[in-house]
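Notes follow the structure.
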Amino acid sequence: MNIVQVVGGPGSGKTTLASKLVEDWPGTASLMRIDRYLRDRHSEDGEDFLLLPTSLDWPLVIAHLDLLAAGDDVTMPIYDWARGKRMTLSHPLPPEQVIQSCDWLIIEGLFYVPEVSSVRLFVDAPADVRRNRMTARTSLLSQHLGEMYDLVAESAYQKHILPQRDLADEVFDGRLDRDILADQARRFVASQWAGWG
Numbered sequence: 012m013n014i015v016q017v018v019g020g021p022g023s024g025k026t027t028l029a030s031k032l033v034e035d036w037p038g039t040a041s042l043m044r045i046d047r048y049l050r051d052r053h054s055e056d057g058e059d060f061l062l063l064p065t066s067l068d069w070p071l072v073i074a075h076l077d078l079l080a081a082g083d084d085v086t087m088p089i090y091d092w093a094r095g096k097r098m099t100l101s102h103p104l105p106p107e108q109v110i111q112s113c114d115w116l117i118i119e120g121l122f123y124v125p126e127v128s129s130v131r132l133f134v135d136a137p138a139d140v141r142r143n144r145m146t147a148r149t150s151l152l153s154q155h156l157g158e159m160y161d162l163v164a165e166s167a168y169q170k171h172i173l174p175q176r177d178l179a180d181e182v183f184d185g186r187l188d189r190d191i192l193a194d195q196a197r198r199f200v201a202s203q204w205a206g207w208g
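In this note's numbering, the protein residues as written are 12 to 208.
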């Protein structure tokens, strides 16, 4: 299984890019959304909880990657943003919660999964663009991030997320049209690994 990690700040365009890459390769690529792997929030967690690498259940992420590499499908957790806790999985599962074993796994999130062999892409956008996108979204998570953006999100971005850019194999402009952005990313990945795009 080949892995492409797509990382960037909230509102940078990383989800747009990751989703487009999977959409362009039906049946051969699957999407793992790292924000589905948040651990339960504790009373001592601060307002920046959602923007910290320590908020993630990394052992579960790695366990799921191992299962996918072995050819098994996995079900991502469902997170209740309002309560700050994982929800009990109900059946039937929403199709977007199941990651199918595949040739290409696109991992999307605020942080790279440590010690995973992959092509690492960073999607960047100016602070005003990221903020405007966050406040325009309607999901509960995005509303929460939009409300706290001025208080903690940008400082957490600068401290914890932006340093991921230095770990990237390539940086992309998240302001680009999604088709152009995905085309540039596919070309870069193809230059790293034969067989993509």
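All C-beta atoms, glycine included, are put in the ideal place defined by N, C-alpha and C.
Span of the alpha helix (DSSP H), counted from its first residue to its last, around residue i
| i | result |
| --- | --- |
| Ile-73 | 69-80 |
| Lys-31 | 25-35 |
| Val-140 | 138-147 |
Distance between residue j and residue i (C-alpha atoms, nearest Å)
| i | j | result |
| --- | --- | --- |
| Glu-181 | Leu-28 | 13 Å |
| Phe-199 | Leu-32 | 12 Å |
| Pro-137 | Ala-164 | 13 Å |
| Asp-177 | Leu-121 | 14 Å |
| Ile-172 | Ser-101 | 33 Å |
| Arg-186 | Gly-24 | 7 Å |
| Glu-34 | Leu-192 | 13 Å |
Cutoff 6 Å; reference residue i; Cβ partners in own chain excluding five residues on either side
| i | result |
| --- | --- |
| Gly-208 | A caution first: Gly-208 carries a pLDDT of 49, below 50, which makes its placement in the model unreliable, though a value can still be read off. So the qualifying residues of the chain are Arg-197 and Ala-201. |
Exposure label - residue i; buried when at least 16 CB within 10 Å
| i | result |
| --- | --- |
| Gln-169 | exposed |
7 Å Cβ shell around residue i - same chain, five flanking residues per side excluded
| i | result |
| --- | --- |
| Ser-112 | Leu-79, Gly-82, Asp-83 and Asp-84 |
| Gln-108 | Thr-86, Met-87 and Ile-89 |
Where the beta strand (DSSP E) containing residue i begins and where it ends
| i | result |
| --- | --- |
| Phe-199 | Here Phe-199 belongs to no beta strand (DSSP E); instead the alpha helix (DSSP H) covers 189-203. |
| Ser-41 | 40-44 |
| Val-130 | 130-135 |
| Tyr-168 | Note, Tyr-168: premise wrong, no beta strand (DSSP E); not H, not E. |
| Phe-183 | 181-184 |
| Are at least three pairs of beta-carbons, each pair with one atom in the stretch 37-50 and one in the stretch 112-132, less than 8 Å apart? | yes
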